[in-house]
Amino acid sequence: MIIELEKNDKFLADVEEAVRKAGCTPEVIHGAMFNVVAVEGHTANLSEDHLKAFPGVVKVWRVSSRYKTINRIAKGPDNSVLEKPRRVIKIKGTDGHTRRISDDNYIFIAGPCAVESKEQVTKIADRLKRLGDKYGITDRIILRGGAFKPRTRPTDFRGLGMKGVEILDKIRDKTGMPYVTEVMSVDMVKELSEHADMLQLGTRNYQNFNLLEEVGKQKKPVLYKRGIAAPLEEWLDAAEYIANQGNKNIILCERGVKSTTHGDYNRSHIDLDVIPTIKERTILPVFIDPSHSSGIDKLVPFQFRAATAYGANGTITEVMHDTQDRKLLKCDAAQALTLSDYEKLIQFQLTYEKAFSEAA
Ligand code: PEP
Ligand code: MN
C-alpha cells in the first residue's frame, strides 16, 4: 500500500503511527513536493478510507506489482506508479570501515570455498588485508568461507561446522574484516547470525521457503544465490519470502545456471543479462559468482571482467593462497584463483572504474 501526503512532519508522524499500529512497517520516501509512505507487511488490517481521512493525505492506493517488497516499481490502479530507490546495504567491519554495497561502490568478496584450517584462511585473509591497504580498498573487501558445505555426495568433505565459524571469528578479530558464510538449515540461522556479518543462502536452498523466512527474520544482510535452474522471476518471487519478513538487505547473486547445452568446458552457464534486469526490476544490488559459475580457474577472470562491464555491484570469488597445492583442496579445487591472479582482477576493476568515471 502507498500513501502520498503533503510535506509536513506532523502529518507524516500520524500516518506512520497508524501504519505501525496495524502491525505494518512504514518506509518513507521524501519527495520534493510530497512525502510517500510505502507500507510493508500484511496490509489487510489497514483501511484505505481510514487513511484517506488523515490530515494531509492526498492519495492512498494498493500495489498490484509482483514481489511487492523488492520491486523497484510499485504499480497501482489509475496508472499510479512509484519508483523506489536502490537499497544501500552497510556492513561495518571491526576495523572501523563500513562496507557499503551500492551502485557507486563495487565490493570484492573473496576467500576459500571451505574453511579447511585456521592456517589456510589466515594466509588468505592476511593477503586480502594487504591488498586492501595497498589499493586503498579496505572498506570494499569482505571475506568468504564455508563452514557448512552443501555437497553433491554425502561422502565429500562437508565443512568444519561451528569449528569453522570459530576460525572465521578469530580471523575477523585479527584482521577486522567482515565475513560471509553459508547457512543451510532453519535451526542454524539464529546461531550463525550471531557470528557472521552476512549470511549466504546457497543455490540448493533457493526455494527452501522456511529457511528463506527464517533468514528474513534476522537482521544480518543476506547473499542469496540463484537456484541452479531458476527462472529470474521465480527467483525474485522467492526473494520476497526474505524481504517480507522485514529483512530487505538482500544481495542477489547469479552463480550460473544449468542449461541443455552444458558441456565439458564449464560447470554451468553464467547469465549476465540478469544484472541490468535485476537492477531495472528490483531495489536490490546484484553480485556475480564467477567461481561456481565457471568451475575452472582459467575462466574466472573472463566472467569477473564481464560482470564489471554489465554493472554488477560486486563479485564473490573463491581464492587460494599462491603456495597452496591445489590438489589438496577439499572443496572446489579446480576453480580457486590464486591470490596473485585475484590481485590482477582488483587492478582491472580499479582501472575500469577510473576510466569509466573519467569518461562519464
Ligand atoms: C558456495 O558459494 O560456497 C556455494 C556452495 O555456492 P553455490 O550455492 O552457488 O553452489
Ligand atoms: Mn565452492
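Position 64, counted from 1, in the sequence shown is what this note's numbering calls 127; the numbers after and before it change by one each time, with no gaps. We put the beta carbon where it would ideally sit given N, CA and C, even for glycine.
beta-carbon residue i near the ligand MN non-hydrogen atom, thresh 6 Å
i    : result
D352 : no
C316 : no
D395 : yes
C176 : yes
Same chain, Cβ closer than 6 Å to residue i, five either side skipped, listed in chain order
i    : result
I351 : E317, A370, A375 and T378
Contacts around residue i, its chain only, beta-carbon distance under 7 Å, and the 5 residues preceding and following it disregarded
i    : result
L295 : V337 and T340
I170 : R162, I164, R203, I205, N376 and G377
Y269 : K288, R289, G290, A293, W298 and A301
T201 : D158, H160 and G195
For residue i, the residue or residues it bridges with in DSSP
i    : result
P213 : Its beta-bridge partners do not exist; DSSP assigns none.
M261 : V243
L68  : N98 and V120
M251 : In the DSSP output, where bridge partners are listed per residue, M251 has none listed.
The ligand PEP heavy atom lying under 6 Å from the CB of residue i
i    : result
G209 : yes
G265 : yes
K288 : yes
H332 : no
H355 : yes
Own chain residues within Cβ distance below 8 Å of residue i, not counting five before or after
i    : result
L109 : M64, A81, V82, A85, C87 and V102
G199 : none
I133 : L299, A302, E303, A306, K311, I313, T345, I346 and L347
CB contact flag (residue i, residue j, <7 Å)
i    : j    : result
L264 : Y287 : yes
A313 : L347 : Checking the sequence, you will find Ile at residue 313 rather than Ala. Cβ distance < 7 Å, so I313 and L347 count as in contact.
L191 : I205 : no
P241 : I154 : yes
L408 : P364 : yes
L68  : V120 : yes
A397 : M383 : no
I305 : V320 : no
F227 : P175 : Reading off the sequence, residue 227 comes out as Gly, not Phe. Not in contact: G227 and P175 (Cβ atoms no closer than 7 Å).
F211 : E245 : yes
L114 : I152 : no
G309 : N329 : no
V349 : L392 : no
D236 : H258 : no
E277 : V249 : yes
Residue i CB to nearest heavy atom of the ligand GTP below 6 Å
i   : result
M64 : Although the ligand GTP was asked about, the structure shown includes only the ligand PEP and the ligand MN as ligands.
Closer than 7 Å to chain D by CB, residue i
i   : result
D77 : In summary, chain D is missing from the structure at hand, where a single protein chain is found.
Could you pull out every unbroken alpha helix (DSSP H) segment of at least 4 residues lying fully inside the stretch 138-211, listed in chain order? 181-198
Kindly provide the ranges of any beta strand (DSSP E) runs that are 3 or more residues long and lie completely inside the stretch 335-380, ordered along the chain. 349-351
Unbroken stretches of the beta strand (DSSP E), 3 residues or longer, contained in the stretch 288-333: 313-317
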